[in-house]
């Protein structure tokens, strides 16, 4: 089945710096790669996602890159702000599920702290 | 639109008991997924329901079960509770189409279950 490793587990950056979180996976059939942000005590929220037919996707200060050959995808946050402090989870899925559906495998999370 | 609603917010049970958690999806959403979140294991997929049928299943023992009603509301049940079942149980809804896959998930705030 799918497996995903996420690094680093904690990341501390200065406000205004960039942050990069990387996930690697093993199943080449994986073709959907979302990223979720979970603030302390709150629900996970989708911040960006990418599908396997695209190599990069950007949304304001957030970008995701996908390297299918090397089987890794990364989240890039530029010009970090204190409100970016949260736990970030990568996830993946594939459309080979019989009958379709939604079944995500999550990474273990990265605690991002943006310091003033 | 109201978001995904989970009840109760907190539960305390003792070993051997059973528990039922409830999830009301966003109006119009037909797919409901359940995830278990623990500090050590992260988010793990339990199962997904669509049109009152279990469409996908994770790797949890049979003590974990669920169902979905005609109005798309879903319940999950855990029987013979064990200490290791202590976790935050999250449900997520998505629009849901027949044979659709990899839809954006909208999470509820979760039910925090403590087993003593």
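Chains as they are written, first to last, in our numbering: chain A, 1 to 116; chain B, 117 to 232.
Beta carbons: idealized from backbone N, C-alpha and C, even for Gly.
Would you say residue 187 of chain B and residue 137 of chain B are within 9 Å of each other, going by their C-beta atoms?
Taking the first residue of the second chain as 1, we reach residue 187 of chain B at position 71. Taking the first residue of the second chain as 1, we reach residue 137 of chain B at position 21. Contact check for residue 187 of chain B against residue 137 of chain B fails: the beta carbons are separated by 9 Å or more.
Against chain B, does residue 71 of chain A count as a neighbour if the rule is that its beta carbon must be under 9 Å from one of theirs?
Position 71 of the first chain, counted from the start, is the residue given in the question as residue 71 of chain A. Not one chain B Cβ lies under 9 Å of residue 71 of chain A.
Contacting residues, own chain, Cβ-Cβ under 7 Å from residue 203 of chain B (five flanking each side not counted)
Stepping through the second chain from its first residue, residue 203 of chain B is reached at position 87. Same-chain partners within the cutoff: 152, 153, 154, 229.
What residue ranges within the stretch 54–97 of chain A form continuous beta strand (DSSP E) runs of no fewer than 3 residues, ordered along the chain?
56–59, 62–67, 72–77, 86–92
Under the DSSP definition of a beta bridge, which residues are partnered with residue 183 of chain B?
Indexing the second chain from 1 puts residue 183 of chain B at position 67. Note: residue 183 of chain B sits in a beta bridge opposite B:191.
Starting from residue 125 of chain B, find everything on chain A with Cβ-Cβ shorter than 7 Å and list it in chain order.
For the purposes of this step, residue 125 of chain B is taken as the residue at position 9 of the second chain. Residues of chain A passing the Cβ test: none, with the nearest at roughly 11 Å.
At a CB distance below 9 Å, what residues from the stretch 218–230 of chain B approach chain A? Give them in sequence order.
218, 219, 220, 221, 222, 223, 224, 225, 226
What is the residue span of the beta strand (DSSP E) that residue 114 of chain A lies within?
Working through the first chain from its first residue, we reach residue 114 of chain A at position 114. Residues 110–115.
Does residue 42 of chain A get closer than 9 Å to chain B when you measure Cβ to Cβ?
Residue numbering aside, residue 42 of chain A sits at position 42 when the first chain is read from its first letter. Yes, its Cβ sits closer than 9 Å to a Cβ of chain B.
Please work out which residues of its chain come closer than 7 Å, Cβ to Cβ, to residue 55 of chain A, disregarding the five sequence neighbours upstream and downstream, and give them in chain order.
By 1-based counting over the first chain, the position of residue 55 of chain A is 55. 65, 66.
Using a threshold of 9 Å, state whether the C-beta atoms of residue 171 of chain B and residue 141 of chain B are closer than that.
Within the second chain, the letter at position 55 stands for residue 171 of chain B. Within the second chain, the letter at position 25 stands for residue 141 of chain B. Contact: no.
Secondary structure at residue 204 of chain B, three-state DSSP: helix, strand or coil?
Stepping through the second chain from its first residue, residue 204 of chain B is reached at position 88. Strand at residue 204 of chain B.
Among B:199, B:226, B:211, which one has its Cα closest to the Cα of residue 134 of chain B?
To locate residue 134 of chain B, count along the second chain from 1; it is residue 18. The residue from B:199, B:226, B:211 with its alpha-carbon nearest to that of residue 134 of chain B is B:199.
According to DSSP, residues forming a beta bridge with residue 51 of chain A:
Position 51 of the first chain, counted from the start, is the residue given in the question as residue 51 of chain A. For residue 51 of chain A, which the question treats as bridged, DSSP gives the partners A:32.
Look up residue 22 of chain A in the DSSP assignment and give the residues it is bridged to.
What you label residue 22 of chain A is simply residue 22 of the first chain in a count that begins at 1. A:7, A:74.
Counting only beta-carbon separations shorter than 9 Å, does residue 104 of chain A have a partner in chain B?
Within the first chain, residue 104 of chain A is the residue found at index 104, counting from 1. Closer than 9 Å to some Cβ of chain B, the Cβ of residue 104 of chain A qualifies, so yes.
Contact check, residue 219 of chain B vs residue 210 of chain B, beta carbons under 9 Å
The count along the second chain starts at 1 and reaches residue 219 of chain B at position 103. The count along the second chain starts at 1 and reaches residue 210 of chain B at position 94. Contact flag set, yes.
Would the stretch 67–76 of chain A count as touching the stretch 10–29 of chain A if we require 3 or more Cβ pairs under 8 Å?
yes
In angstroms, rounded to a whole number, what distance separates the CA positions of residue 150 of chain B and residue 212 of chain B?
As a first step, residue 150 of chain B must be located in the second chain, where it is residue number 34. As a first step, residue 212 of chain B must be located in the second chain, where it is residue number 96. Residue 150 of chain B and residue 212 of chain B: Cα-Cα distance of roughly 15 Å.
CB contact below 9 Å: residue 55 of chain A versus chain B:
Here residue 55 of chain A corresponds to residue number 55 of the first chain, with the count starting at 1. No - not a single Cβ of chain B is within 9 Å of the one on residue 55 of chain A.
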